[in-house]
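Undergrad:
There are 2 protein chains.
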Amino acid sequence: MTVTIYDVAREAKVSMATVSRVLNGNPNVKPETRKKVKDVIERLNYRPNAVARGLASKKTTTVGVIIPDISNLYYSALARGLDDIAEMYNYQTIITNTENDPEKEKDSFLSLVSKQVDGVVFLGGALNEETLTDIKNSHVPVVICGTSEKDKNLPSVNIDYFEAIKEATAKFLEEGSERIVFVKASFSNQLENHIEEGIKAAYKDLGKSVDDNSLILTADSDYQSGKDIFDQINSHKADVVITMSDETAIGVLHSAMDHDLEIPGDIQVLSCSNTRLVNMVRPQLSSIAMPLYDIGAVGMRLLTKYMNEETVDESNVILPYKIEYRSTTR
Amino acid sequence: MTVTIYDVAREAKVSMATVSRVLNGNPNVKPETRKKVKDVIERLNYRPNAVARGLASKKTTTVGVIIPDISNLYYSALARGLDDIAEMYNYQTIITNTENDPEKEKDSFLSLVSKQVDGVVFLGGALNEETLTDIKNSHVPVVICGTSEKDKNLPSVNIDYFEAIKEATAKFLEEGSERIVFVKASFSNQLENHIEEGIKAAYKDLGKSVDDNSLILTADSDYQSGKDIFDQINSHKADVVITMSDETAIGVLHSAMDHDLEIPGDIQVLSCSNTRLVNMVRPQLSSIAMPLYDIGAVGMRLLTKYMNEETVDESNVILPYKIEYRSTTR
DNA sequence: CTGAAAGCGCTAACAG
DNA sequence: CTGTTAGCGCTTTCAG
Numbered sequence: 001m002t003v004t005i006y007d008v009a010r011e012a013k014v015s016m017a018t019v020s021r022v023l024n025g026n027p028n029v030k031p032e033t034r035k036k037v038k039d040v041i042e043r044l045n046y047r048p049n050a051v052a053r054g055l056a057s058k059k060t061t062t063v064g065v066i067i068p069d070i071s072n073l074y075y076s077a078l079a080r081g082l083d084d085i086a087e088m089y090n091y092q093t094i095i096t097n098t099e100n101d102p103e104k105e106k107d108s109f110l111s112l113v114s115k116q117v118d119g120v121v122f123l124g125g126a127l128n129e130e131t132l133t134d135i136k137n138s139h140v141p142v143v144i145c146g147t148s149e150k151d152k153n154l155p156s157v158n159i160d161y162f163e164a165i166k167e168a169t170a171k172f173l174e175e176g177s178e179r180i181v182f183v184k185a186s187f188s189n190q191l192e193n194h195i196e197e198g199i200k201a202a203y204k205d206l207g208k209s210v211d212d213n214s215l216i217l218t219a220d221s222d223y224q225s226g227k228d229i230f231d232q233i234n235s236h237k238a239d240v241v242i243t244m245s246d247e248t249a250i251g252v253l254h255s256a257m258d259h260d261l262e263i264p265g266d267i268q269v270l271s272c273s274n275t276r277l278v279n280m281v282r283p284q285l286s287s288i289a290m291p292l293y294d295i296g297a298v299g300m301r302l303l304t305k306y307m308n309e310e311t312v313d314e315s316n317v318i319l320p321y322k323i324e325y326r327s328t329t330r
Numbered sequence: 001m002t003v004t005i006y007d008v009a010r011e012a013k014v015s016m017a018t019v020s021r022v023l024n025g026n027p028n029v030k031p032e033t034r035k036k037v038k039d040v041i042e043r044l045n046y047r048p049n050a051v052a053r054g055l056a057s058k059k060t061t062t063v064g065v066i067i068p069d070i071s072n073l074y075y076s077a078l079a080r081g082l083d084d085i086a087e088m089y090n091y092q093t094i095i096t097n098t099e100n101d102p103e104k105e106k107d108s109f110l111s112l113v114s115k116q117v118d119g120v121v122f123l124g125g126a127l128n129e130e131t132l133t134d135i136k137n138s139h140v141p142v143v144i145c146g147t148s149e150k151d152k153n154l155p156s157v158n159i160d161y162f163e164a165i166k167e168a169t170a171k172f173l174e175e176g177s178e179r180i181v182f183v184k185a186s187f188s189n190q191l192e193n194h195i196e197e198g199i200k201a202a203y204k205d206l207g208k209s210v211d212d213n214s215l216i217l218t219a220d221s222d223y224q225s226g227k228d229i230f231d232q233i234n235s236h237k238a239d240v241v242i243t244m245s246d247e248t249a250i251g252v253l254h255s256a257m258d259h260d261l262e263i264p265g266d267i268q269v270l271s272c273s274n275t276r277l278v279n280m281v282r283p284q285l286s287s288i289a290m291p292l293y294d295i296g297a298v299g300m301r302l303l304t305k306y307m308n309e310e311t312v313d314e315s316n317v318i319l320p321y322k323i324e325y326r327s328t329t330r
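This is the structure we're talking about:
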């Protein structure tokens, strides 16, 4: 019923080895033979079985992508960059969604490995101890984008979050803001720790202490959570709110406006994601601008190097950032 | 290096067939044997090779998902529904992104088939003649969600777009609106034709003609395209704008506000996607509310039936819709 | 330049 | 309940 390489070989009156050679672009085939085989392939509408191929060659030309939440614009922007480069290098991507669940993250990884992917990239993600162990045991090349793990053993692509947030915080403090609230996303992530450190460093540089004037809250990274957490922010009399997620920032923004606060007069808002959303709300959201697409693209490029066993000079890539002060900051 | 079923068999002093049986939960294994094998599996940290499995069993427990644009909230909402149900039925999903390119759509499908997926679902998509032919030739179960093809040969899940848009249009006309502009997305899609028909039907029912008073434009489905197309809308002196995409609607909205038009006083806006965005802008966007998550979920459920060769009573499922009149309509 | 033959790691009859 | 034996469809030596 399904046509196999064997059928093609028979029809073309060659051996299956030869058919395999033309399939794989092996130059050791006489042009006439090649043409003959190609014609039969066309006529029979033959398509190689990628599964059999994968088993025989131990390569699947497939990379796994593990994402906390595809419906989050932050991650899907990263994914676009990944995808484009993957295509350029003739890899296909299997995207799996963990729904921010570290357990699923681990399962997804194992499942991808059992599918014999040639490599996997984590976009964000918790990367807990267990998962790290599985990665090590798997002997599969892994690159992590937009997250990090403490030992820096894994190749990664990031921006310098610590510096970025420190710069932003210092600016707020220098301009007279005193009560800065930071809203973490509830999916624990090494990055957020760097960010906390950055905030603390900025305070310290100015001889101030974080504890009295700053508050660190946790919220889901959606719009409603931003609206919901506003009460806590407000009761802290915050004059600056920094959130991980754009959606959360927008929720905070709208709640603040509903409480007749002036933006950015009474309260300034800055997010750390810089997704397409920042330009889609009024007032436009100020944000630490990471090169999302590039992070994904560079991550995939890095992975191809590992998959080809090329040498890489820098396995922990840091990309530049900008801080875009739009209309929610002064 | 990698541990195989053969290693497990040897260590457990059984045949590989027995190992295979415990792997697949075959009841014909003595409890003690089962335990013995499981212990060895644990000890050796053995993980079955899904590729070999797929080749031998001709099943991959994997379904392909073809999406025009993952970074579009409309599609990612559908994908979430799909994913949840897929997981429930122990299928994994391979998501591929076509970037709204019919050529890529076709290639993605073929690639998925060569990977021996057990089924594929299209979310949206152009489904041109060529792709349809490939689908027919592939003998792989296919379900399409949020799109349709003219012959209705393929199982599908949709809402009644025609009715929805007719109802909305009729309401606008009855309430005195006269100049309705419809903004299609540029990715041609059978659905949009249904929508056009719905608009025409509404006009006709009231004894009016579409041509004089209605204008049909085409724009990409992003925010900027919405802003850009406003000039055309404005020069038509539209009093109602209906767009496929939420982002486009928001772009139109903001442009209109920048031109000092009152919303919804001077111009009303309605979108057809109802993604999370509708609540994240001020004023909140009125929209035809489709059950996005459910469309995906029902689609995947339908696919499982085909993959199991169960009988299905209704292969073209129509789910209910609501029209949510929020703050951009009167 | 081409063919024969040996697997890749697993499932699935078929015996027993 | 368990083992033996063929493959699944392809790649890849190794000869020639």
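If you read the protein sequences in the order shown, they are chains A and B. Heads up, the first sequence is in UniProt numbering, so the first residue is 1 and it goes up one at a time. Heads up, the second sequence is in UniProt numbering, so the first residue is 1 and it goes up one at a time. By construction, the Cβ of each residue, glycine as well, lies at the ideal position given by its N, Cα and C atoms.
#1: Starting from residue 117 of chain B, trace the beta strand (DSSP E) both ways and give me its first and last residue.
#2: Using only alpha-carbon positions, find the residue among B/79, B/200, B/151, B/86 that is nearest to residue 62 of chain B.
#3: Taking the C-alpha atoms as reference points, what is the distance between residue 361 of chain A and residue 5 of chain A?
#4: At 8 Å on the CB atoms, spell out the chain B contacts of residue 223 of chain A, in chain order.
#5: For chain A, is any of its Cβ atoms less than 7 Å away from the one on residue 159 of chain B?
#6: Could you tell me which chain A residues have their CB closer than 9 Å to the CB of residue 60 of chain B, listed as they occur along the chain?
#7: Please list, in chain order, the chain B residues whose beta carbon lies closer than 7 Å to that of residue 295 of chain A.
#8: Output yes or no for whether 7 Å exceeds the beta carbon distance between residue 78 of chain B and residue 296 of chain B.
#9: Rounded to whole angstroms, what is the Cα-Cα separation between residue 110 of chain A and residue 141 of chain A?
#10: Leaving out the 5 sequence neighbours to the left and right, which residues in its chain are closer than 7 Å to residue 22 of chain A when beta-carbon positions are compared?
#11: Using CA coordinates, which residue listed in A/244, A/259, A/243 is at the minimum distance from residue 235 of chain A?
#12: Do the stretch 186 to 203 of chain A and the stretch 251 to 266 of chain A meet, that is, are 3 or more Cβ pairs less than 8 Å apart?
#13: Using a Cβ cut-off of 7 Å (strictly closer), state whether residue 97 of chain A contacts chain B.
#14: Quick check on the burial criterion: 16 or more other C-beta atoms within 10 angstroms. Buried or exposed for residue 271 of chain A?
#15: Less than 7 Å between CB atoms is the rule here; does residue 146 of chain A satisfy it with respect to chain B?
#16: Roughly how far, in whole angstroms, is the beta-carbon of residue 97 of chain B from the beta-carbon of residue 69 of chain B, given that I think they are within contact range, below 8 Å?
#17: Span of the alpha helix (DSSP H) holding residue 298 of chain B?
#18: Any idea if residue 43 of chain A is buried or exposed, counting beta-carbon neighbours within 10 angstroms, 16 or more meaning buried?
#19: Are the C-beta of residue 94 of chain B and some C-beta of chain A separated by less than 7 Å?
#20: Applying the 10 Å Cβ sphere with the 16-neighbour rule, what's the burial state of residue 32 of chain B?
#21: Can you give me the Cβ contacts of residue 201 of chain A inside the same chain, cut-off strictly under 6 Å, excluding the 5 residues immediately before and after it?
#22: Using a Cβ cut-off of 9 Å, pull out every chain B residue sitting near residue 254 of chain A, in sequence order please.
#23: Quick one: does residue 54 of chain A have its CB under 7 Å from some CB of chain B?
#24: Against residue 80 of chain A, what residues of chain B qualify as contacts under a CB-to-CB distance less than 7 Å, listed in chain order?
#25: With 7 Å as the threshold, decide whether the Cβ of residue 83 of chain B is near any Cβ in chain A.
#26: Would you mind stating whether residue 324 of chain A and residue 289 of chain A have Cβ atoms separated by less than 7 Å?
#27: Applying the criterion that 16 or more other CB atoms from any shown protein chain within 10 Å of the CB defines a buried residue, is residue 300 of chain B buried or exposed?
#28: When the cut-off is 7 Å and only beta carbons count, does residue 250 of chain B lie next to chain A?
#29: Check whether the stretch 102 to 116 of chain B and the stretch 129 to 137 of chain B touch, using three or more Cβ-Cβ pairs below 8 Å as the test.
#30: Could you check whether the stretch 162 to 181 of chain B touches the stretch 316 to 323 of chain B, counting it as contact only if at least three pairs of C-beta atoms, one from each stretch, sit closer than 8 Å?
#31: For the stretch 296 to 307 of chain A, which residues have a CB atom closer than 9 Å to at least one CB atom of chain B, in sequence order?
#32: How close, in whole Å, do the beta carbons of residue 326 of chain A and residue 284 of chain A come, if the pair is a contact with beta carbons under 8 Å?
#33: Using a Cβ-Cβ cutoff of 8 Å, what residues of the UniProt domain "HTH lacI-type" (3 to 57) of chain A are near chain B? List them in chain order.
#34: List in chain order: all unbroken alpha helix (DSSP H) runs of 4+ residues lying wholly within the stretch 161 to 245 of chain B.
#35: In the structure shown, what three-state DSSP assignment does residue 328 of chain B receive?
#36: Should residue 245 of chain A be flagged as near chain B, meaning a C-beta pair shorter than 7 Å?
TA: Inspection of the coordinates gives the following:
#1: No beta strand (DSSP E) contains residue 117 of chain B, which DSSP labels as neither H nor E.
#2: B/86
#3: Nothing about residue 361 of chain A can be read from this structure; chain A reaches only from 1 to 330.
#4: 276, 279, 280
#5: Not one chain A Cβ lies under 7 Å of residue 159 of chain B.
#6: Residues of chain A passing the Cβ test: 51, 115.
#7: Those within 7 Å of residue 295 of chain A in chain B number zero; the least Cβ separation is about 14 Å.
#8: yes
#9: A direct Cα-Cα distance of roughly 13 Å separates residue 110 of chain A from residue 141 of chain A.
#10: 29, 34, 37, 38
#11: A/259
#12: no
#13: Interface with chain B (7 Å Cβ-Cβ cutoff): residue 97 of chain A is included.
#14: buried
#15: no
#16: 7 Å
#17: 292 to 307
#18: exposed
#19: yes
#20: exposed
#21: Within the same chain, and ignoring the five residues on either side of residue 201 of chain A in sequence, the residues whose Cβ sits closer than 6 Å to its Cβ are 166.
#22: 280, 282
#23: yes
#24: 71
#25: yes
#26: yes
#27: Per the 10 Å Cβ criterion, buried.
#28: Put simply, the CB of residue 250 of chain B is near chain A, with a gap under 7 Å to one of its CB atoms.
#29: yes
#30: yes
#31: none
#32: Contact holds; Cβ gap of about 4 Å.
#33: 45, 47, 48, 49, 50, 51, 52, 54, 55
#34: 161 to 174, 190 to 205, 210 to 213, 223 to 235
#35: coil
#36: no
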